[in-house]
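Report on the structure given below.
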Amino acid sequence: GREGVCMSLQHTIQPIESGEKSLIVEYAHGFAIATIAESSLREYFAQVVGNELLELAHRARGNVVLRHDLVWEFGSSWINELLRLAAHCSGLGGKLVVLGMSERGEAVMKATGLDRRVTLVDSPASLRKALKLSKSDHLMDSLFTPLVPKEESKRAA
Numbered sequence: 003g004r005e006g007v008c009m010s011l012q013h014t015i016q017p018i019e020s021g022e023k024s025l026i027v028e029y030a031h032g033f034a035i036a037t038i039a040e041s042s043l044r045e046y047f048a049q050v051v052g053n054e055l056l057e058l059a060h061r062a063r064g065n066v067v068l069r070h071d072l073v074w075e076f077g078s079s080w081i082n083e084l085l086r087l088a089a090h091c092s093g094l095g096g097k098l099v100v101l102g103m104s105e106r107g108e109a110v111m112k113a114t115g116l117d118r119r120v121t122l123v124d125s126p127a128s129l130r131k132a133l134k135l136s137k138s139d140h141l142m143d144s145l146f147t148p149l150v151p152k153e154e155s156k157r158a159a
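Residue 3 is where the sequence shown starts when you use the numbering used here, and the numbers rise one by one after that.
Next comes the structure, spelled out in structure tokens:
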């Protein structure tokens, strides 16, 4: 049942080495939850991942939750892909929600006003509100468990 879904979320880091697939996808609450398994989204990869996400949005009727935790750097081409995806999702009657974006990334989004066109969430409560879910559950909460240990936590250990 639900435990299986949470377990598979724990193993999302494996496909990165293979380099075959840039997205790891789960489904829950009628949303496709996609984790971007790339650390850098520069020109070429921005387009590859953007295209994968457009296809996914189609299958999920525009309801996409995007995990951004593993992405360390991205350029304007990725921002354009996010905007294209957000427009595509709302065109399909759904919604794009992005979580786990770095502080620097969020700052760029806010400075350019893009946070008004792409829903950014940073807590289970804000995700629940964005998805209009009545209550939290283990899966939604687990989306906020960092996939890679942050530098600070390594030093503290």
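Even for Gly, the Cβ is constructed at its ideal location relative to N, Cα and C.
Taking the CB atoms as reference points, tell me whether F33 and L145 lie closer together than 8 angstroms.
Here residue 33 refers to the residue found at position 31 of the sequence shown. Here residue 145 refers to the residue found at position 143 of the sequence shown. Not a contact, by the Cβ cut-off of 8 angstroms.
I'd like the span of the alpha helix (DSSP H) that includes A30, first residue to last.
Stepping through the sequence shown from its first residue, residue 30 is reached at position 28. Counting along the chain, A30 falls outside any alpha helix (DSSP H), though it belongs to the beta strand (DSSP E) covering 25-30.
Unbroken alpha helix (DSSP H) run spanning R44, endpoints
The residue labelled residue 44 in the question sits at position 42 within the sequence shown. Note, R44: premise wrong, no alpha helix (DSSP H); not H, not E.
Please list the terminal residues of the continuous alpha helix (DSSP H) segment that includes K112.
Reading the sequence shown from its first residue, position 110 is the one you call residue 112. For K112, the enclosing alpha helix (DSSP H) begins and ends at 105-113.
From the DSSP secondary-structure annotation, give me the bridge partner or partners of L68.
As a first step, residue 68 is located in the sequence shown; it is residue number 66 there, counting from the start. In DSSP, L68 forms a bridge with A36, V100.
Which word fits S24, buried or exposed, when buried means at least 16 other C-beta atoms lie within 10 angstroms of its C-beta?
Start at 1 with the first residue of the sequence shown, and residue 24 comes out as number 22. Under this definition S24 is a buried residue.
Three-way DSSP call (helix, strand, coil) for L135 in this model:
Within the sequence shown, the letter at position 133 stands for residue 135. Residue state, collapsed to three classes: coil.
Look at the alpha carbon of F47 and the alpha carbon of K112, and state the distance between them as a whole number of angstroms.
Residue mapping note: residue 47 aligns to position 45 of the sequence shown, counting from 1. Residue mapping note: residue 112 aligns to position 110 of the sequence shown, counting from 1. If you draw a straight line from the Cα of F47 to the Cα of K112, it is about 23 angstroms long.
Near D143, which residues of its chain fall below 8 angstroms by C-beta distance, leaving aside the five closest residues on each side in sequence?
Along the sequence shown, read from residue 1 onward, the residue named residue 143 stands at position 141. Cβ contact annotation for D143 (same chain, cutoff 8 angstroms, sequence separation greater than five): P126, in chain order.
Here's the rule: buried if 16 or more other CB atoms are within 10 angstroms of the residue's CB, otherwise exposed. What is G77?
Within the sequence shown, residue 77 is the residue found at index 75, counting from 1. G77 comes out exposed.
Helix, strand or coil for L149? Go by DSSP, reduced to three states.
Counted from its first residue, the sequence shown places residue 149 at position 147. In this structure, L149 counts as coil in the three-state DSSP scheme.
Rounded straight-line distance, which links the Cα of L149 to that of S20:
Here residue 20 refers to the residue found at position 18 of the sequence shown. Here residue 149 refers to the residue found at position 147 of the sequence shown. Reliability fails at S20, whose pLDDT of 38 lies under 50, so the model's placement of it is uncertain and no value is given.
Give the C-beta separation of T207 and K97 to the nearest angstrom, bearing in mind that I take them to be a contact with Cβ-Cβ under 8 angstroms.
This structure does not reach residue 207, given that the chain is present from 3 up to 159, and the question cannot be answered.
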